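Under this note's numbering, the first residue of the sequence shown carries the number 18, and numbering increases by one thereafter.
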Amino acid sequence: MKDKVKDKAKDKADRTARNATQGQKNKFLGDLQKKRAEMDSANYTCAIAVSDNTGFYEENQRWNKMFNSMGQDFIADGRLNLNATSKITNNISDPAEYAQTRMELGESMLAMNKYKAAEKNFSAAEENFKKAGKTNDMYYAKLMTDMGLMYSALGNFEKSETYLEQALQIRKQLFTEQSNDYAIALNNKSVLYNQQGHFTDAQTTVNQAIQIAEAKNLDKSILAIMYNNKAYFQQVIGQNQKALEIYEISLKMVDDEKSQKSLTYQRVVVNKALLLQEMGKKEEALAIYEKILKIKKGQLGTNSPDYAHLLNLTASLYMQMGDYKKVESYLQDAYSIYKKKFGDNHPSTAKTLHNLGLYYLYQGNPTKAEENLKKSYEARKQVLGENHPDFNASQEGLALLYWQQGKVKEASEYYKKVLDKNNEFIVKYFPAMNEAEKDQYWSKLRPTYMRFYSFAVQNGEKDPQLLSEMYNAHISTKGILLNATNKIKQRILASKDVELIKDYNLWIEKKEQLARLYSLSKEELKEQEIDLGKIESEANDLERALSQKSEIFKSKIDDKLHTIKEIDAALANDEAALEIISFQNFDKKFTGESIYVALVAGKHQHSHPKMAILGKGKEFEEDELKYYQNVTRTRKENKMSYGVFWEKIEPLLQGKKRIFVSLDGVYNQISLNTLRKPNGKFVVEDWNLTFVTNTRFVPDSKEREKKPANKNTKKALLVGFPNYGNKGTISPLPGTKKEVENISPILKALGYKIETYLADNANETNVKKADDAVHPDIIHIATHGYFINEIEKEGGLVFGVESSKAKSNPMLRSGLVFAGAEETMEGVKNNKDYQSTDNGFLTAYEVANMNLDNSELAILSACETGLGDVKAGEGVYGLQRAFQIAGVDATIMSLWKVSDDATQELMTLFYNNLKVSKNKPEAFRKAQLKLKEKYKDPYFWGAFILTEN
């Protein structure tokens, strides 16, 4: 009897406890829904692209306030107690209800940027939706969206794409392609495309989303986000004016008094302000910052971290405008807010101290600068750790301070640490990044190198080791954006090796994850239970496994830092390596002016490179280049260019005969061999110049020259005299037929098996056989080349490519012309797929995606094939870069239009010389010298450049 009483009492107590827990759970979920209602309606559904993290603290504060109000059952050490969440989900027997609850918890964690907790809740939700058989309803689609956005924030784009695509397909089935839900799913996919660097896809997809949303009268706050994204995508590709106009459309939708208090409005308007600042419209940007400051002040008061964040933004603008008193005032106010809220040891406080230090440094107050920079340095060291990019920025801050104080030794020591850490970042993360990520990451790192180059040039005489460091930094980063990433991916996916593909995708995932984890503080890593060392070790293990399984992976992933010592060791006593470097000058701030410097490596008396300051970029890139091009094309005697471009370099080359030359900036647009000295001789007569894309390749070039050809049968692909069509739009090149016919017997005599394509057969399809069938050692293409500098109007096709695509990608604005091209120009052929369709135009983009690893030489016997977009430190974005990415060892291309006769004579001489010497640069130089005997004017013999990769 007593036992029954006890059992009843226990059951009653259990029921009471369950009811209390259920009441607590219901209260929590009710508060969660209420909290969600206070937030912008788009926060959980619609991805927004932003240039800045405005509103970050406000959003976190709202969530923390709610969770803190729940008491200690749900909060432990200021964060959600994951063990206590079981109280929320206990006694939910229905898997679908359980899944929905975990999804809502996950969304709360995602809003607070607590990704580990979000992932745990989302994974549990996914498992239970599947258990309930609910994988084709709106809630599951919402979960797929949540997980897609979460993985996108973590930089795991492969997983993000998988989940967002599932969301898209479910919504397509449930609501059709003309529904608001489908439009939102498209918007989310467009943001991912932009992050992946698929800019055209991003634009197309967001346009589709907007079209549906407008037709269905979607909520204006969400439509405003879509227009914001469209504007942001335009901004990313440099279409600033168009972006500005679209931001205006977005803001008109949320410009009422109520909407202006929303984070959506504030983020869009800050995007616009940052764009205006970038465009130099400082007063307009300032008006926006001041307006948002006023709104934030009314909403949160003047002690909010988000208010402090906006003070920092506004201070940076005042710095640009030269209103230095306000800079100090705003930064001091921001510092006071952060210090009061977080204390000194917090990333935001440390960042403001760093900014104050740089401000005082610029103002010539080294005492206050040192005080603030050292405080920031110590705080970042403690809070972020020595591997964090912001700590590296603090190290550079001290380097700049000591430079300004004239303490060259101390500045050098700090810059050495900064560059070593940057090199570590590059080696670890660059190989796994896509082109857009590389471009974005390098844009952050490059200013550090520009500042260091200015420091090294200024102090190189006092400390010659600085010139060695500068040389090392330049050769390790020059052409850093040269993208073989896509090529590696394509080759691995094409292998159909399941294990290899799995390992490669996992390696990409780990590398992307690490790149983002290094931006977290020690506290954030601990809070999210992230073991950085373990992830690094896993990535390294995968990289070793991939190198063993894939030859292309092993050969293309360059994890080695290059130095002047290895170049010196490869050079003979009468050889030198010349790096021409163009960079933005820095003197307390970037002066807006670039300078050109020459550094020469070789077996000198001293181990450091020799240096010459060549001149200012503006003069070189405008007046001097125009003069050179004009006198060359009009065939007048050039009496000036030698003194500008070469005279200062010659004293550094005394005792040397052969010079390996790596060009930069404007030097890519001139032919050094054609420069005439005061005594009437040309540079080509006195110097044996071997052009290389980077002098770090000198050891490879020397090795290739030593090795005899190890193939029994060598192959050559010859293409010329294409039949462009019968419209007369493109002028035929009869001389190219003779050129190919002359070359063929010479190469046969050298043991080459020849494949020749002329007239109708000189088409894209046969050229692309070099990729998948022929694998030639030599590719010789005799046809028109083209480069379009700017595209003024959008709409229609440009050389067979949609103008919007060509405008944003210089690799689509240069190429070669083949049979049938006139039909494309006349609109008969419409090339939607610019990567695979034979439309008579082979773009540099298409070339870059070919597999030409077995090719020793590509000769583009066409006019202006060496032209393209020139970027300092990167080379020419055009055909030369494309063939380099494709894997060709060397290229011959032209800088200006040359007559058919002179071109075919030069090529015939070159191939005849190859019978005697396997050294291609030597054979080419001799061909130029021989042709010069017939044609005295360099216009005829100097247009072509042979460059080794």
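Note that CB positions come from ideal geometry on N, CA and C, so glycine has one too. What you are looking at is a predicted structure, and each value in this text was computed from that prediction instead of being measured.
Taking the Cα of residue 866 as reference, the smallest distance to any Cα among 898, 712, 837 is reached at 898. Across the structure, residue 455 and residue 421 are spaced so that their CA atoms are roughly 32 Å apart. Each residue's CA atom was taken as its position, placing residue 834 and residue 800 some 6 Å apart. If the five residues before and after residue 965 are omitted, its C-beta is found closer than 6 Å to the C-beta atoms of 709, 718, 907, all from its own chain and listed in chain order. Following the DSSP letters along the chain, one finds residue 326 inside the alpha helix (DSSP H) bounded by residues 322 to 338. Contact annotation: the region 612 to 629 does not touch the region 697 to 704, with fewer than three C-beta pairs closer than 8 Å. Between residue 642 and residue 671, the CB-CB gap reaches or exceeds 9 Å.
When the five nearest sequence neighbours on each side are left out, the beta carbons in the same chain lying within less than 7 Å of the beta carbon of residue 155 are those of 191, in order along the chain.
Counting of Cβ neighbours within 10 angstroms places residue 561 among the exposed residues, the total staying below 16. The continuous beta strand (DSSP E) containing residue 910 extends over residues 907 to 911. Note that the C-beta distance between residue 305 and residue 289 is below 9 Å. Within the region 893 to 948, the complete alpha helix (DSSP H) runs of at least 4 residues fall at 896 to 903, 917 to 933. Selection 378, 148, 132 evaluated against residue 604 yields 378 as nearest (Cα-Cα). Between residue 362 and residue 228, the alpha-carbon positions lie close to 48 Å from each other. Between residue 303 and residue 328, the gap from beta carbon to beta carbon reaches 9 Å or more. Ranking 173, 804, 945 by CA distance to the CA of residue 450 puts 173 first.
The three-state reading of DSSP puts residue 441 in helix, counting H, G and I together. In this structure, 185 is the residue among 185, 175, 283, 135 with its C-alpha nearest to the C-alpha of residue 159. Inter-segment contact for the region 911 to 929 and the region 742 to 753 is present: three or more beta-carbon pairs are separated by less than 8 Å.
For residue 365, the enclosing alpha helix (DSSP H) covers residues 364 to 379. Rounded to the nearest whole angstrom, the CA to CA distance from residue 64 to residue 137 is 21 Å. Between residue 406 and residue 655, the C-beta spacing is not below 9 Å. In the DSSP secondary-structure assignment, residue 781 is not bridged to any residue.
Restricting attention to 373, 365, 760, the CA atom closest to the CA of residue 333 is found in 373.
By the Cβ criterion, the region 667 to 681 is not in contact with the region 927 to 937, since fewer than three pairs of Cβ atoms, one from each stretch, lie closer than 8 Å.
Within the same chain, and ignoring the five residues on either side of residue 677 in sequence, the residues whose Cβ sits closer than 6 Å to its Cβ are 594, 707, 709, 712, 715. The residue from 270, 957, 730 with its alpha-carbon nearest to that of residue 245 is 270.
About 15 Å separates the beta carbons of residue 747 and residue 798, which is beyond the 8 Å limit, so they are not a contact pair.
Between the region 532 to 549 and the region 399 to 414 there are three or more C-beta pairs closer than 8 Å, enough to call the two in contact. For residue 171, the CB contacts under 7 Å within the same chain, skipping 5 residues up- and downstream, are 132, 530, 533 in chain order.
Secondary structure of residue 152 (DSSP, three-state): coil. Annotation: the region 657 to 702 contains the following complete segments of the beta strand (DSSP E) (minimum length 3 residues), in chain order: 675 to 679. Taken through DSSP and simplified to helix, strand or coil, residue 279 comes out as coil. Inter-segment contact for the region 381 to 396 and the region 417 to 436 is present: three or more beta-carbon pairs are separated by less than 8 Å. With contacts defined as CB atoms closer than 9 Å, residue 615 and residue 596 qualify as a contacting pair. Distance from the CA of residue 225 to the CA of residue 526, rounded to the nearest whole angstrom, comes to 29 Å.
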